[in-house]
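If you read the sequences in order, they're chains A and B. Numbered according to our numbering, the first sequence spans residues 3 to 114. Numbered according to our numbering, the second sequence spans residues 36 to 149. For glycine and all other residues, C-beta sits at the position ideal for the given N, C-alpha and C.
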Amino acid sequence: QEKVQQSPESLIVPEGAMVSLNCSFSDSASQSIWWYQQHPGKGPKALISIFSNGNKKEGRLTVYLNRASLHVSLHIKDSQPSDSAVYLCAVSLSSGSWQLIFGSGTQLTVMP
Amino acid sequence: EAAVTQSPRNKVAVTGGKVTLSCNQTNNHNNMYWYRQDTGHGLRLIHYSYGAGSTEKGDIPDGYKASRPSQENFSLILELATPSQTSVYFCASGGDRENQDTQYFGPGTRLLVL
């Protein structure tokens, strides 16, 4: 059974800081790795995904994937108070069923 | 943006009662999913469906049934609710041709079983 672990559990940063969130997974044959954002009282929203080793950049977001070390990280540049949310890492299973296995999340607070 | 709606948004039920949570999506996605979210556990998959008439067990199906009567609707049924089923339940849809594993979530249903 795929396991997804995230660190840190919570993070408080000042506005404008670079934020780094970490995620480790157990199955190197997994498909894409996803990052979702969840604001209080809302459903998760897909932010960015990566499949191949290396990095992918979209706006202020950059994600790095290293399948050999089973590790993926999300970096948020120039963080804003509106970025305050829970960030969920999710791994897409290789079974073709498009199931996602989620980590327990990182609570990010960006202080103005 | 994909649209997924859930009803009710909040529900209080008694132990042993029957609870039905409903989900509707208007994006013609083939796949639909039911999760529960609890502190410390993240999102856990209960049931999912590949299309109308199909339901599959997820990681924690015990105590839950699912029904997919149409492409748009997917229900989660608790035949005999227990206090351990108190949680926030999320429905999601997915299966776009371009991004098969992208899931779009509804706003959630907060269930309290007394």
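Between the stretch 52-77 of chain B and chain A, which residues of the former have a C-beta closer than 7 Å to a C-beta of the latter?
Here the close residues are Asn66, Gly75, His76 and Gly77.
Using a 10 Å radius around the Cβ and a threshold of 16 neighbouring Cβ atoms, would you call Ser51/A buried or exposed?
Within the first sequence, the letter at position 49 stands for residue 51/A. Buried, because 16 or more other Cβ atoms sit within 10 Å of the Cβ of Ser51/A.
Would you call the stretch 105-114 of chain B and the stretch 46-55 of chain B touching, i.e. three or more CB-CB distances under 8 Å?
With the cut-off at 8 Å, the stretch 105-114 of chain B and the stretch 46-55 of chain B touch.
Beta-carbon of Trp37/A versus every beta-carbon of chain B: anything under 8 Å?
Within the first sequence, residue 37/A is the residue found at index 35, counting from 1. No, no contact with chain B.
Label His64/B either buried or exposed according to how many other C-beta atoms from any shown protein chain fall within 10 Å of its C-beta, with 16 as the threshold for buried.
Numbered from its first residue, the second sequence carries residue 64/B at position 29. That one is buried.
Residue range of the beta strand (DSSP E) that Thr111/A falls in?
Here residue 111/A is taken as the residue at index 109 of the first sequence, counted from 1. Counting along the chain, the beta strand (DSSP E) containing Thr111/A begins and ends at Thr108 to Met113.
So the candidates are Ser9/A, Gln33/A, Pro10/A and Cys25/A; which of them puts its Cα closest to the Cα of Ser71/A?
In the first sequence, the residue the question calls residue 71/A occupies position 69. Here the closest residue by C-alpha is Cys25/A.
Beta strand (DSSP E) containing Ile103/A: first to last residue?
Numbered from its first residue, the first sequence carries residue 103/A at position 101. Unbroken beta strand (DSSP E) run through Ile103/A: Leu102 to Phe104.
Interface residues of chain A around Pro142/B at Cβ under 9 Å?
Position 107 of the second sequence, counting from 1, holds the residue named residue 142/B. Ordered by position in chain A, the residues that pass the 9 Å Cβ test against Pro142/B are Gly43, Lys44 and Gly45.
Have a look at Gly105/A and Phe125/B and give me their C-alpha separation to the nearest angstrom.
Against the first sequence, residue 105/A aligns to sequence position 103. Against the second sequence, residue 125/B aligns to sequence position 90. Approximately 15 Å, taken between the alpha carbons.
Name, please, each residue of chain B whose Cβ falls closer than 9 Å to the Cβ of Ala48/A.
Within the first sequence, numbered from 1, the residue matching residue 48/A stands at position 46. Simply Asn134, Thr137, Gln138, Tyr139 and Phe140.
Which stretch, first to last residue, makes up the beta strand (DSSP E) that contains Gly56/A?
The residue you call residue 56/A lines up with position 54 of the first sequence. That run of the beta strand (DSSP E) goes Gly56 to Glu60.
Strictly below 7 Å CB to CB, what residues from chain A border Phe109/B?
Start at 1 with the first residue of the second sequence, and residue 109/B comes out as number 74. None at all; the shortest Cβ gap to chain A is about 15 Å.
Could you give the DSSP three-state label for Ser105/B: helix, strand or coil?
The residue labelled residue 105/B in the question sits at position 70 within the second sequence. Residue state, collapsed to three classes: coil.
Would you report the Cα separation of Val148/B and Asn45/B, rounded to the nearest angstrom?
Counting from one through the second sequence, the residue named residue 148/B turns up at place 113. Counting from one through the second sequence, the residue named residue 45/B turns up at place 10. Near 11 Å, if we compare the C-alpha coordinates of Asn45/B and Val148/B.
Under a Cβ-count criterion, where at least 16 other Cβ atoms within 10 Å of its own Cβ denotes burial, should Ala48/A be classed as buried or exposed?
In the first sequence, the residue the question calls residue 48/A occupies position 46. Looking at its Cβ environment, which holds 16 or more other Cβ atoms inside 10 Å, Ala48/A is buried.
Going residue by residue through the stretch 70-139 of chain B, where are the continuous beta strand (DSSP E) segments of at least 3 residues, counting only ones entirely within it?
Segments of the beta strand (DSSP E) lying fully in the stretch 70-139 of chain B: 77-84, 100-102, 108-113 and 122-129.
Within 10 angstroms of its Cβ, does Met20/A collect 16 or more other Cβ (buried), or is it exposed?
On the first sequence, position 18 is the one that residue 20/A refers to. Answer is exposed; the Cβ neighbour count stays below 16.
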